[in-house]
Every structure is written in structure tokens, then in C-alpha cells.
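Participant: My structure is below; once you've seen it, I'll send some questions.
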Amino acid sequence: MKQLITLNINGEENEISISPDATLLQVLRNELELQGTKRGCDTSACGCCTVHMDGKAVYSCVIYAMAAQGKEITTIEGLGGNGQLDPLQDAFIQAGAVQCGYCTCGMIMSARQLLDDVKNPDEEQIRHAIAGNLCRCTGYTKIVDAIKMAADS
Amino acid sequence: MAGADLIGQSVIRPDAHDKVTGGRGYPVNVSMPRMLHAKLLRSPYAHARVLSVDTSEAEKLPGVKAVLTAADVPQIPFSPVFFCPVESKSLVRDMLILSDRVRFAGQPVAAVAATSEVIAEKALELIDVEYEELPVVFDPEEAMQEGAVQLHETAANNVAKNPAFEFGDVEAGFAEADHIFEGVYQTQRVHTCYMEPRVCVVDCDRAGQFTVNSSMQHIFGLREKLAYALGIPQGRVTVIKPPYIGGGFGGKLDLGYIEPIAALLSERTGRPVRIEQTRYEDFITTARHAIKVYLKTGVKNDGTITAREAKSILDTGAHATHGAEVIMVHGLFGVVFPYRCANKKWEGFTVYTNNMIGGGYRGYGCPQGCFAVESQIDEICEELDLDPIEFRLKNAYQKGDPHPFNPNWSLNSYGYAEALEQGAERIGWNQRNPAGSSPGVKKRGIGVGTQGIWVSGCMGFPDILEHTGAIIKLNPDGTADLASGSVDLGAGQNTVLCQIAAAEIGLEAGQVRMSYADTNTVPFDAPIHASRGTYSSGLAVQTAAAEVKKRVLEIASFMMETDPEELDISSGQVHAKGSPETGIPITAVIDIAESPFIVDTEEGPGPSSPPDLKGTIMGTSSMAPPENPSPATALFVEVEVDTDTGVVDVLRCVYAHDLGRVINPNAAEGQVEGGMQQGIGYALMENLVFDQETGACLAGDFLDYKMPTAVEMPRSIESIFIETIEPTGPFGAKSLAEQCVTVPAAAIAAAVYNAVGVRIKDLPITPEKVLRALGKLD
Numbered sequence: 039m040k041q042l043i044t045l046n047i048n049g050e051e052n053e054i055s056i057s058p059d060a061t062l063l064q065v066l067r068n069e070l071e072l073q074g075t076k077r078g079c080d081t082s083a084c085g086c087c088t089v090h091m092d093g094k095a096v097y098s099c100v101i102y103a104m105a106a107q108g109k110e111i112t113t114i115e116g117l118g119g120n121g122q123l124d125p126l127q128d129a130f131i132q133a134g135a136v137q138c139g140y141c142t143c144g145m146i147m148s149a150r151q152l153l154d155d156v157k158n159p160d161e162e163q164i165r166h167a168i169a170g171n172l173c174r175c176t177g178y179t180k181i182v183d184a185i186k187m188a189a190d191s
Numbered sequence: 012m013a014g015a016d017l018i019g020q021s022v023i024r025p026d027a028h029d030k031v032t033g034g035r036g037y038p039v040n041v042s043m044p045r046m047l048h049a050k051l052l053r054s055p056y057a058h059a060r061v062l063s064v065d066t067s068e069a070e071k072l073p074g075v076k077a078v079l080t081a082a083d084v085p086q087i088p089f090s091p092v093f094f095c096p097v098e099s100k101s102l103v104r105d106m107l108i109l110s111d112r113v114r115f116a117g118q119p120v121a122a123v124a125a126t127s128e129v130i131a132e133k134a135l136e137l138i139d140v141e142y143e144e145l146p147v148v149f150d151p152e153e154a155m156q157e158g159a160v161q162l163h164e165t166a167a168n169n170v171a172k173n174p175a176f177e178f179g180d181v182e183a184g185f186a187e188a189d190h191i192f193e194g195v196y197q198t199q200r201v202h203t204c205y206m207e208p209r210v211c212v213v214d215c216d217r218a219g220q221f222t223v224n225s226s227m228q229h230i231f232g233l234r235e236k237l238a239y240a241l242g243i244p245q246g247r248v249t250v251i252k253p254p255y256i257g258g259g260f261g262g263k264l265d266l267g268y269i270e271p272i273a274a275l276l277s278e279r280t281g282r283p284v285r286i287e288q289t290r291y292e293d294f295i296t297t298a299r300h301a302i303k304v305y306l307k308t309g310v311k312n313d314g315t316i317t318a319r320e321a322k323s324i325l326d327t328g329a330h331a332t333h334g335a336e337v338i339m340v341h342g343l344f345g346v347v348f349p350y351r352c353a354n355k356k357w358e359g360f361t362v363y364t365n366n367m368i369g370g371g372y373r374g375y376g377c378p379q380g381c382f383a384v385e386s387q388i389d390e391i392c393e394e395l396d397l398d399p400i401e402f403r404l405k406n407a408y409q410k411g412d413p414h415p416f417n418p419n420w421s422l423n424s425y426g427y428a429e430a431l432e433q434g435a436e437r438i439g440w441n442q443r444n445p446a447g448s449s450p451g452v453k454k455r456g457i458g459v460g461t462q463g464i465w466v467s468g469c470m471g472f473p474d475i476l477e478h479t480g481a482i483i484k485l486n487p488d489g490t491a492d493l494a495s496g497s498v499d500l501g502a503g504q505n506t507v508l509c510q511i512a513a514a515e516i517g518l519e520a521g522q523v524r525m526s527y528a529d530t531n532t533v534p535f536d537a538p539i540h541a542s543r544g545t546y547s548s549g550l551a552v553q554t555a556a557a558e559v560k561k562r563v564l565e566i567a568s569f570m571m572e573t574d575p576e577e578l579d580i581s582s583g584q585v586h587a588k589g590s591p592e593t594g595i596p597i598t599a600v601i602d603i604a605e606s607p608f609i610v611d612t613e614e615g616p617g618p619s620s621p622p623d624l625k626g627t628i629m630g631t632s633s634m635a636p637p638e639n640p641s642p643a644t645a646l647f648v649e650v651e652v653d654t655d656t657g658v659v660d661v662l663r664c665v666y667a668h669d670l671g672r673v674i675n676p677n678a679a680e681g682q683v684e685g686g687m688q689q690g691i692g693y694a695l696m697e698n699l700v701f702d703q704e705t706g707a708c709l710a711g712d713f714l715d716y717k718m719p720t721a722v723e724m725p726r727s728i729e730s731i732f733i734e735t736i737e738p739t740g741p742f743g744a745k746s747l748a749e750q751c752v753t754v755p756a757a758a759i760a761a762a763v764y765n766a767v768g769v770r771i772k773d774l775p776i777t778p779e780k781v782l783r784a785l786g787k788l789d
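Residue numbers (the numbering used here), protein chains in the order written: chain A, 39 to 191; chain B, 12 to 789.
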């Protein structure tokens, strides 16, 4: 039996009819067509589905959409603004931190929380902040470079 | 920056902006109106006969639109491997889309298409399958014994392939040796861990034409294998090239179960059908094969190798698929080729077991061979007190030597010695301490692993497709569209191929765009695999671009009343050679080509140019590369081994690689850094473990399958690119992609030995194995 709920995504209220067991990830991708949030596993292990809920980076694959009611959800589509990239998005481009790019959006969301919490993180803080986001292409080197670059900008 | 100056520039990826803002181009995002979702019912048994499948209850579930069992699908045995023609002798055609015989735990036995994934999953629970369990065999050497359970009637003793090579006189070579070393080296099954799951959407229209979107490394291989398995002509299948996919690394180099099943469900329902694999399904879909290598080497006191004999046992799992080809690459490039030695003998066995089917993975059999060969060299050098670098230089091929695969090719660019020497200097090899001499609980060590002979594509190899093509077309605004079948897996094909086109024509980097392609519109292209993208696809793109440039100069020579030989293009400007600031913009040339023949002006209508200058300026190519030049690699690593916990930490990697010429340094470094992640995972932690009684996968998610995170990776990965300028390559380039994954395990094992004086010969080098070797565990 579907239920009508309202989710605040990227500053907009969305009224949607969902199955109570739908995850936030499923609702974002399938109902709202916000496809920047990716599925890489099903067990809160890869980090591709990372979004912000009330300013904290969370795995949207293990949060029921029902539980996200009344929260402020931010996805990669909600970063930046007025046609401008978030400094992290720009740094990922400039540093060559993007290869296949499948992990990128989740990675940027985790890094965004780090930079919101810590003004000038050191390399160990950066590496631990993205330890819940797996990347198979880059070895993380240029991702760490990009986060440093964004922190400095 | 434009023209030839673009080569060697870290041009920014054309797809990066899209990827950081959401990434629209992945096949996982493809959705179509009225699309159905399908799920596969997979066998819990590793070996069984399917006696009956009752789908009646599932079919009654509201929302279920079609159910497939073995009785509903063509029973045409096929091989799913993309890069050989399906009926070639090299491949083993032993798979069916759905079969009444199950040979591994997880093999699909039925499929359901429904209006949602949830309904499809519920329907699977309503399917009643009656199995007759059969005896199982999981160990390949047991499977080879007389009387073992037989998996396929065509393969006596479960041996699907048994290649052998012999050169010189091995017995005489061992007689000549002062020392003989023997060892057994075991590697494990690991997954490529592409982050985008395997996913497809197949749409069968009313005319029976199938349109396929899939996260794969090869559109033409997918077309051919899908058509073959379905028993239809290739012309009825169109495969759309995705703008990019979310990683492949060799793991998306074969037809899956999902594409033919989606096709049949779509044909049956008249609606598009999507199947997205779960991560668990991905883990049991493809893996680097576990190979056991028995290796025997004879050496003289001075370190000259006199003979080498080896036997390799490859566990191919339930079907031969890639195992039929991996064994050859492993034997030749992993074991036989790397060092000069007149007397060599090798025999390989691709063995069926009730394990999951192996697949392609960066290095394609070479990492398993390299681990054995390079580990044994380290043992030889330690035992005979020889310097591992001098030993290698003494026995390695050198620039100018004939290529060991084809004596008609020479190693005309070959920087193996430079890679070893420059890497050794950077890491401080001369300061390396004797094995186990580092003080304290945490001991440091340095190790080296190398790979000499490797490939830039598959030119010259039996049954393997290598030709490739490109179409480049100039637009009125002076930009160019490049269409090619080469899929960007993430390694940067879109970037590098556009860069090569722009460099050849004389445009700015951003003026060439990778455009739409599908199997109907572009020439055949071999898969993106075998380190072939830059060399082989690069040559095809360069050739098409040269044709574009030639045509531009022909038209410009009419406009400028100059011989075309006197003209050149840079930054989109056609000018006299040596005077780039003069001349006319390329857009003026394109305007002549594209404008009507008769143009009405103030003076009245008249021809704008001779008629033979009309027509869109474009270049095409479809060609095989002339050779298969070898790159060369040396990796030096520094590790720290905690002798209390057994944990090995890789502190530093210095990777030196002869790639001919760097096209894009940032992208090249990215390849190496990612290669280190995969290589370190292989060396230290990754292991796709299966229950030895049931055959069930025990590491089916990223919580149980451990791969390196940012925390476990070394803080320092240094790339040294040796530019030997390959004469046959595009702008001198050869290849890079795979050797950086091939060498880390050997280098790390050697560094662990240097740190603590114990040698681990079976991967991964876990804390448990280290502690056991140190005598700290019972």
C-alpha cells in the first residue's frame, strides 16, 4: 500500500507516493529522477549513494524514505547554486580526480561535510572522511588532492 | 594549446563536468517508457539437474508480465567472450542462456519480468524448482583426477584447455645450471569491483529489432554474442554505445546472462526490459581466475637463467569462457616471455570446477604469472646473493631484440632497463637493508617487481579481433565530432582520443567532441581491453584526423592560392607553414565546403568554389595497427610490517613505466594510482571466498570483500614515465593500463620478505599468514 509523503530535497518540497519500505536512494533515483545519487552496493558499504540529511553525510541506501520526512535532504544536484559549481566539484575537475566517475558524487558529498565541519583538514582527516566511499579507478590520490585544493580555495 | 603541442598536456576530461554534477551518461540511468524490470532466480546448489520448474503461481501474481525457464530459451551453446569471433577455435562454446543443468551456485534457472523490481522479486519466491543434487568438485586439481565428477561431457578430466609450449632443450638447460629453484605460487579469486553494476535495458520492437543499452566494454562483441545466443542475425541487434560506463577493468568483457534474458523477455512482452544486478550478483558474475603455478628455474652462479619449466592450473569454474584465453596470456606473457632463456617449457590447464565462472580482469592472467616468476627471482637473488636489479637486467630482453612472440617484430622501443634503473634510484635501492635486519616491532622493507614483455592491444594473436575505426566530421563552427566504438570505462578514452584528433588536425583541445555511436553507425571496434585504447584506437583516430586535415588543406590551397604542402593548421587557423599568425580561420574553409555551389551575391549568382570542393569535411578509418609494441615496467615499494599484528602497510610506491609517450600526464598518473589500489588489494586483502561445501559466495558484498580505502592506500605513489617514442604509435605512444596492476603483488611480497625475512607464496598476504610465517601462530 503506497503512502503519500513530502520530502524536502535540495530546498524543494516534493509530494510523492511511495511504498513504505522504499529506501531514500530508491525514491531519489526512481521517483524523483535525481540520478546523481548512485547505487554501488546494497549494504551501506560503497558510499556511492551518499547524500546529506540535515547537513550530515549519510548512505541513502539504508535510510527509509519515510524516515527522511521533515529532514533537509541535499543531493549532488543541490550543491553549488546559481549555475556555479561547488568548489569541490570544480576541484575534482581540475585535479583529475574523476575517472569513471561513478563514485564521484557520493565522494563529493562526503568531502562536503568534512569541509563544512573542518576548515583546513589535514591529509589524514581527508582520508578518514572518505574512507566510507570506495573508488576503484583513482587510488584516491587525486581525490585527496582535489579536497585539499577545495579547502584551500 | 593546440595541434601537436597538445600531446603531453593534461587536458581536462570532457566528461568531468557532467560527472561531478550527477553523471547522466551511465547505462544504469537508462529508462524507457513502459519499461519492465526483471529478476533472475538463481540456483542454491553448485551442481544439480533441474527436474522441473513450476512457474504457475508466479505468473498469477499481479504485475508479472512474463516468466522464462530453460524450456523457453534457445539452447545454442555459446562463449560469451567479446574479443574473439564466437565460432573461433580458441573459444569453448559451453554456455546456455538457461539450462536444465546447474554447475555453480548462483546460476540462473528462471527469470521474471514485472512492472516493478519488487514484484519481480516476489514472483521469484513463487517459482517452484525441483533439483536433483549432483556431487560437486571445487578444487581444480581434484577435478583433474580420474574418477572425479565430470562437469562437461566434452572435457575429459574436466580439462577445458591444455595448451603447452616448449622452446630449446629444457633437460639440457637444467643440466647446465649450477642451481635449481622450485616453488609453488598460488593466487586467489578477486573481483574487478567496477562500481557501476552490470545493468541492461533491452527493447525489442514490433519488427523484431533489438536495441540494447548495457554497461559493457564492447558494443560489437555484445552485438555478436547476443545475436548468436539468440540464434538471430547480427543485423537484428543494435547496441548503443554509452557516453561512459562506471568502470570495467576487464569485468565487462563478456555477454552476461542478463542481456539475452532481457532480450527474450522484451520480445515476449513487447516492452523494454531492464535488469540491474545486485552487488552479490556482480560478485558471482566475473573474477580474476585463481591460478596455481608450479615453477622450476635453473640458474648459473653468475645469475644466467639456463632453463625454466612451469605448469599452471587455472580454475575456470563452471564454464570455460575467459579461462580458455586467460590461460594462454598467462602462460606466454606471465611465465614464458618475460626473460630471455633458450630452454623453456610450460603447460597450462584450464579446469572446470563447480565454482563461479572466471572472467577478464586487468592483466588477464599476467598478474598470476608475474607473482610466481618475480617472487622466485627474489628467492634466487637472496639465495645466491645477487642484486635483483642486476639479475633482471642480465636476463631481460633489450631494446632492438626480436619480439619473443613474433620474431618479425623487434622491440624497437623498449625501456625496461631505464624503468628499472630510474625506479631504483628514486626509491633509494642502494640503501636497502638485508632481509629482516630492520629493528623494532614494525619493520620496513623494500621490494621490486617488474614486467617486461606485454602488449599494446592484440595484433597478431590467434583468433583475437584488433581492427578499429573512427569517423571525424567538421562542424560549421570549427569544432569536430569524433564517433568511435571505443567505450570510455573511466580510463579516459574520451579524453585521449579527442586529444589525439585535435593534435593531428590542429585544433584546440576542447574543439573535438566524442559523439554518439552505435553498432549501426560506426566501423567495427575491438573492445577497450588489452592496453589497446591509446595505441590501437589512437592510431585509427589519428588516421581519420589526418584525412580531415588533408581535405582542409586541399580546400584552403584553392582559397589561398598556395600548394597544400605549404600549409598547416594550428589553433583552428589555416596558415603558411611557419607563420601561424597569418592565414584564414578553419571556419572559412568549412564554409566553402558546406555552402551551396551557386551563391547569389551583389554581383549576381555564381559558383562559390569548384564543385569538387563541396561536401562535409570528414575523415574515416577502419584498420588494424601495424604491430604490437611492448611496454615495460618496474615497481618499487616500501612496506612496513607490524610483527605483532602481521599487518602489512604499503608506505610508498615508485612506479616506472615505458609507455612510449605520454599523451595526457594527469590521466596517465591516474591509471597508475588506480592500478596500485587494485594491486595492493590483490596483494594484501582481496579474496572472493566461497563455502567449500556448498559453493556459496561468502564475500558477496563490500563488507566481506575488503578492498583498499583511502586510509589503507600509501600516501606516496610516484609515477615515472619513460618516453621511448614508439615509431608505430600515435605520436609515439604505446600502452599503460595493465602492467601497473600486474606487478604490485610480486613487489609487495618481496618487500615483506625484505622487511621480516619470511616469504608468502599464496595471495593475499594476510596478517594471519604473516604471523604464521613468523612462528607467532600455532
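Ideal Cβ positions, reconstructed from N, Cα and C, are used throughout, including at glycine.
1) Suppose the cutoff is 8 angstroms on Cβ atoms and the five residues either side in sequence are ignored; what does the same chain contact list for R77/A look like?
2) Relative to the C-alpha of S632/B, which residue among E429/B, E320/B, A494/B is closest?
3) With distances taken Cα to Cα, identify the nearest neighbour of D712/B among H202/B, L264/B, T612/B.
4) Using a beta-carbon distance cut-off of less than 9 angstroms, what residues from the stretch 174–190 of chain A approach chain B?
5) Going along the chain, which residues of the stretch 79–106 of chain A sit with their C-beta nearer than 7 angstroms to a C-beta in chain B?
6) With V459/B and L646/B assumed to form a contact (beta carbons below 8 angstroms), what rounded beta-carbon distance in angstroms separates them?
7) Can you round the beta-carbon distance between C381/B and Q462/B to whole angstroms, since I take them to be within the 8 angstroms contact cut?
8) Please identify, using Cβ separations under 7 angstroms, the residues of the stretch 422–438 of chain B that lie next to chain A, in order along the chain.
9) By the DSSP assignment, the alpha helix (DSSP H) with V470/B in it spans what residues?
10) Could you give the C-beta distance for I566/B and I603/B, rounded to a whole number, given that I count them as a contact under 8 angstroms?
11) Taking 8 angstroms as the threshold (beta carbon to beta carbon), is L172/A in contact with chain B?
12) For A435/B, which option in R663/B, E70/B, R24/B has the closest C-alpha, if you only look at C-alpha atoms?
13) Provide the residue span of the beta strand (DSSP E) that contains A667/B, from first to last.
14) Please decide whether V65/A counts as near chain B, where near means a Cβ-Cβ distance under 8 angstroms.
15) Do R200/B and A134/B have their CB atoms nearer than 8 angstroms?
16) The stretch 124–137 of chain B: which residues have C-beta closer than 8 angstroms to a C-beta of chain A, in chain order?
17) Taking C-beta pairs closer than 7 angstroms, name the residues in chain B that I43/A reaches, listed in chain order.
18) Answer with buried or exposed for G246/B, where buried requires no fewer than 16 other C-beta atoms within 10 angstroms of its C-beta.
19) Check whether chain A comes within 8 angstroms of S101/B, counting only Cβ atoms and requiring the distance to be less than that.
20) Would a check of beta-carbon distances place T61/A closer than 8 angstroms to chain B?
21) Can you tell me whether F647/B is helix, strand or coil according to DSSP?
22) Can a CB atom of chain A be found closer than 8 angstroms to the CB of F713/B?
23) Nearest CA to the CA of H48/B: which residue from G439/B, G517/B, P283/B, V523/B?
24) Could you give the first and the last residue of the continuous beta strand (DSSP E) run that contains G328/B?
25) Given 8 angstroms as the limit, is there contact between the stretch 137–146 of chain B and the stretch 728–742 of chain B, that is, 3 or more CB pairs closer than that?
26) Am I right that Y255/B and Y37/B are in contact with their C-beta atoms under 8 angstroms? What's the rounded C-beta distance?
27) For P244/B, count the other beta carbons within 10 Å of its own beta carbon; 16 or more makes it buried, fewer makes it exposed. Which is it?
28) Among residues of its own chain, excluding the 5 on either side of A557/B, which ones have a beta-carbon nearer than 6 angstroms to its beta-carbon?
29) Terminal residues of the continuous beta strand (DSSP E) containing F176/B?
30) Output the boundary residues of the beta strand (DSSP E) element that contains S55/A.
31) Going by C-alpha distance, which of E358/B, S21/B, S90/B, G259/B is nearest A748/B?
32) Work out the CA separation of G158/B and L359/B for me, nearest whole Å.
33) By DSSP, does D389/B sit in helix, in strand, or in coil?
34) Thinking just about the alpha-carbon of each residue, which of T44/A, M145/A, R150/A, Q163/A is nearest to the one in E69/A?
35) Quick one: which chain B residues come within Cβ less than 7 angstroms of Q127/A?
36) Report all residues from its chain with a CB closer than 6 angstroms to the CB of S191/A; omit the five preceding and five following residues, and keep chain order.
Facilitator: Checking against the coordinates, here is how it stands:
1) Same-chain partners within the cutoff: L63, R67, C86, C87, C99.
2) A494/B
3) H202/B
4) R174, C175, T176, G177, Y178, T179, K180, I181, V182
5) C79, D80, T81, A83, C84, C86
6) Their Cβ separation, rounded to whole angstroms, is 7 angstroms, which keeps V459/B and L646/B in contact under 8 angstroms.
7) 5 angstroms
8) Taking a C-beta cut-off of 7 angstroms against chain A, none of the residues of the stretch 422–438 of chain B qualify.
9) Looking at the sequence itself, residue 470/B is Met, so the reference to Val does not match. Looking at the DSSP string, M470/B is not in any alpha helix (DSSP H), and its letter there is neither H nor E.
10) 5 angstroms
11) yes
12) R663/B
13) Start and end: 659–669.
14) Chain B contact via Cβ: absent.
15) no
16) V129
17) Chain B residues near I43/A: none, gap ~17 angstroms exceeds 7 angstroms.
18) exposed
19) No, its Cβ sits nowhere closer than 8 angstroms to a Cβ of chain A.
20) no
21) strand
22) True, the Cβ-Cβ gap to chain A drops below 8 angstroms.
23) P283/B
24) 316–328
25) no
26) 7 angstroms
27) exposed
28) The answer, listed in chain order, is E515.
29) 175–178
30) 50–56
31) G259/B
32) At residue 359/B the sequence reads Gly, which differs from the Leu that was named. When rounded, the distance between both Cα atoms is 21 angstroms.
33) It is helical.
34) T44/A
35) V31, T32
36) P125
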